[in-house]
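Student: This is the structure, below, for whatever I ask next.
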Amino acid sequence: MDFQSIFHFFENTSLITYIVLAWLSVYFILSFSILFSRLMLINKWMQDESQALEALMRGERDLSQSASILKKCIEIDETKMNIYKNSVEKKATIGLTWLSIIASTSPFIGLFGTVISILETFGGLEMQNSLSIIAPKISEALVATGCGILVAIPAYSFHLIIKRKAYELINILDSEIKVLVSSTKA
């Protein structure tokens, strides 16, 4: 596919296809922005919490010098620490709902564009009485479906990546809480 065929596609496409492709473009950009923002935040938190856990495992019990979220707890209280852990989980998973929406609706948005384009093709066929117009128009119509799938696959993958990273972060926090609570019981 060369630039001339791409230019030809956009020159001959309908308003609905433009709207569908614009909508899918916004979804595509949103998916990547959610991925990068969440990964940067979660990776930073994981690094901080891993260091804090290592310090706890070495026998240190004062988290005030660490970057751990649990240092906000003045006293070792399991309930308060779990509340902090839950707030971290909530912040770490912001955007997962959007990724789910994008992953599940993008193929349907693309399919909608395809159906409208095919309907327009058959409407134009009625006036021209020529079957040679169908194949190129249907292939152009399928571009919208392909774009919908192209947007859905990364969004679904990003959802799983962020979900897994958040799970790992929460496990580190759970371990920190267990070490701190067990040290007060001993």
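Take 1 as the starting number for the sequence shown in the UniProt record's numbering and just add one per residue. C-beta atoms are modelled at their ideal positions from N, C-alpha and C, and glycine is treated no differently.
Taking only the alpha-carbon atoms, compute the straight-line gap between Gln51 and Ile42 and give it to the nearest angstrom.
Tutor: Whole-angstrom Cα-Cα distance: 14 angstroms.
Student: Can you tell me the Cα-Cα spacing of Thr145 and Leu21, whole angstroms?
Tutor: 10 angstroms
Student: Quick one: what's got a C-beta closer than 8 angstroms to Leu169's C-beta in the same chain, skipping five residues either side?
Tutor: Ile42, Trp45, Met46, Glu49, Val88, Glu89 and Ala92
Student: Note down the Cα distance separating Thr105 from Ala152, rounded to an integer number of angstroms.
Tutor: 8 angstroms
Student: Grouping DSSP H, G and I as helix and E and B as strand, with all else coil, what is Ala141?
Tutor: helix
Student: If you count every other CB in all the chains shown that lies within 10 Å of the CB of Pro136, and 16 or more means buried, which is it?
Tutor: exposed
Student: Which residues in the same chain have their Cβ closer than 6 angstroms to the Cβ of Thr184, if we skip the five residues on either side of it in sequence?
Tutor: Scanning its chain for C-beta atoms nearer than 6 angstroms, with the 5 sequence neighbours on each side dropped, one finds around Thr184 the residues Ile76, in chain order.
Student: Measuring CB atoms only, is the stretch 24-44 touching the stretch 159-173, in the sense that at least three cross pairs come out at less than 8 angstroms?
Tutor: yes
Student: Nearest to Ser66 by CA position, among Val181, Ser182 and Glu176, is which residue?
Tutor: Residue Glu176 is the option with its Cα nearest to Ser66.
Student: Under DSSP, the alpha helix (DSSP H) around Leu39 begins and ends at which residues?
Tutor: Leu15 to Met57
Student: Name the residue from Arg61, Ser157 and Thr121 whose alpha carbon lies nearest to the alpha carbon of Ser31.
Tutor: Ser157
Student: Looking only at C-alpha atoms, which of Leu53, Thr79 and Leu111 sits nearest to Thr17?
Tutor: Leu111
Student: Note down the Cα distance separating Val115 from Phe122, rounded to an integer number of angstroms.
Tutor: 11 angstroms
Student: What residues in its chain sit with their C-beta under 6 angstroms from that of Met57, if we drop five residues either side in the sequence?
Tutor: none
Student: Helix, strand or coil for residue 191 per DSSP?
Tutor: Residue 191 lies beyond the stretch modelled for the chain, which goes from 1 to 186, so this question has no answer here.
Student: According to DSSP, is Ser87 part of a helix, a strand, or is it coil?
Tutor: helix
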